[in-house]
Structure formats: C-alpha cells, structure tokens
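**Q** This note's numbering numbers the first residue of the sequence shown as -19 and each following residue consecutively.
No residue lacks a Cβ here, since even glycine has one placed at the ideal position from N, Cα and C.
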Amino acid sequence: MSRRQPPRAGTRGATPGAVRIIGGRWRGTRLPVADVAGLRPTSDRVRETLFNWLMPVLPGARVLDLFAGSGALGLEALSRGAAQAVLVERDRDAAAALRANVARLGAQARVVEADALRWLDSADAAAAGAADIVFVDPPFAAGLWDAVLQALPRSMAADAWLYVESPAGSEPPPPPGWHLHRELRTSQARAALYRGRGTGGADTLGGANPAP
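1) Given T9, which residues of its chain have a CB within under 6 angstroms of its CB, disregarding the five upstream and five downstream residues?
2) Mind reading off the beta-carbon distance from L53 to R70? Whole number of angstroms is fine, and I expect it under 8 angstroms.
3) Nearest to S59 by alpha carbon, out of Q88, A74 and A76?
4) By how many angstroms is the C-alpha of S146 removed from the C-alpha of A48?
5) What are the start and end residues of each continuous alpha helix (DSSP H) run of 4 or more residues lying completely inside the region 17 to 101, in chain order?
6) Hey, L78 and V91: beta-carbon distance below 8 angstroms or not?
7) Spatial neighbours of A(-11) within its chain, please: CB distance less than 7 angstroms, with the 5 preceding and 5 following residues excluded, ordered by chain position.
8) Determine the direct distance from the alpha carbon of A76 to that of R84, and round the result to whole angstroms.
9) Using the rule of at least 16 other Cβ atoms within 10 Å of the residue's Cβ for burial, across every protein chain shown, is G178 buried or exposed?
10) Residues in its own chain within less than 6 angstroms of G4 by CB, not counting five upstream and five downstream?
11) How close, in whole Å, do the beta carbons of W158 and L142 come, if the pair is a contact with beta carbons under 8 angstroms?
12) Suppose the cutoff is 8 angstroms on Cβ atoms and the five residues either side in sequence are ignored; what does the same chain contact list for A(-2) look like?
13) Following a CB-centred definition, is R134 positioned closer than 7 angstroms to any heavy atom of the ligand HEM?
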C-alpha cells in the first residue's frame, strides 16, 4: 500500500506526514506516516475508487495487507466493515507506527514485522488462514510482483479479491485463474482489482466500472 523509492544521497526522506481514512467508522481519522525514506501511501483518489469497488464485499471480510506501509489500505478496510486484518511490513519504524495506530483505534488487526515473501512461505502465514481481500502494493523499484503473486494463492480464498498497484504502463500478471474486474490508471500508477477462480461466474460488485 505504500511505494518506496531510493532516497537521494545524503537525504533521509520526506518530512513525515499523515494519511486520512476516507470512510466508515473511523472516517476522517489521520494516521501518522513514519519517517521512512521514500514511503508514500496510495493516493486518496485511488483509495476512494478502490473502496467504492469493494464496498459490497467488505463486511466481515478477512484482509491481508502486504507491504502495508502506513496501513491505510488495511485500516480503511476495517473502518468500512472488514472483520480482521493482517498487516505485513518489513521496515521497523513503519511497523512500530502501524502498531501504534492499531492500538489507538482498537482495530482488529495484527501487525507482522517481516519480509512479505518470507512471511508468505512461513507457518505463520498458513496459520493466518485464507484472506478474502488482499492488497499488494510493493516498492516499485524492487520488482517483486511476479514473486509475490506466484506465492499468494495459498494465502487467499478461492474467490478472493486481489488488489495490485504497479507503475503506470505496467501490468503484472495475476495468479492463474484470477481475472481482471476493475482498473484505474493515473499518471503514476495502475490500480487493478482481480477476482479469484472460485466465483462460479458471479461478480458481486455488479456492472459498475467493469474492466475493458
């Protein structure tokens, strides 16, 4: 949910700021963003569009937010009715900020300080169970989409919803059997929502904004 780019030589990164939860019970709550070089949360425009797409399937959902950063995607999902979330973040400072935000909100979320790929292969990931909604927004410069998307299916329900954010002009292939349902392109990023192979042909999000 956050994109990290290498800092310029001699810099520590941008001044820490905040990201706002857009809807639900915590609407308007500002989440402090850790002072981590290059950490940049998904834009308000993209998040608002994404959660409009997901609104019918959020209540009671189990959420996995890989590369969680500020946690804006996972916590937004909880604010709008998701039942629980696992937030995976490798950076120590970002993970500490996530824990503080989860505690302040009393959110039903568990913060995992770990490398996302290693965690997906761990016993802890297996014990976490299959997620209904997964957010994948890795550091753009790291090129992790193929490896992560290949490892994800065992952590997702067969009819899960999968959100993938990538640089503008790129289209990382989803796991086999996952099909594109919605997408949004901006000057900086492509935001794509996929549906799993176990849907039986049903699209519970209806016909609004279908993928071309």
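**A** Put simply:
1) For T9, where only same-chain residues beyond five positions count, the Cβ hits under 6 angstroms are I1.
2) Incorrect: roughly 16 angstroms between the Cβ atoms, too far for contact.
3) Across the set Q88, A74 and A76, the C-alpha of Q88 shows the shortest separation from the C-alpha of S59.
4) Roughly 15 angstroms separates the two Cα atoms.
5) Qualifying alpha helix (DSSP H) stretches, in chain order: 24 to 34, 52 to 59, 72 to 85 and 96 to 100.
6) Contact: yes.
7) Caution is warranted here: a pLDDT of 32 is assigned to A(-11), below 50, making its placement in the model unreliable, and the coordinate value is therefore given only provisionally. Taken in chain order, the list of residues that qualify is empty.
8) Distance between the alpha carbons of R84 and A76: 12 angstroms.
9) Result: exposed.
10) The residues are S59 and R60.
11) The C-beta distance from W158 to L142 rounds to 6 angstroms, short enough to meet the 8 angstroms contact threshold.
12) The residues are R10, L11, P12 and V13.
13) You won't find the ligand HEM in this model; it holds no ligand whatsoever.
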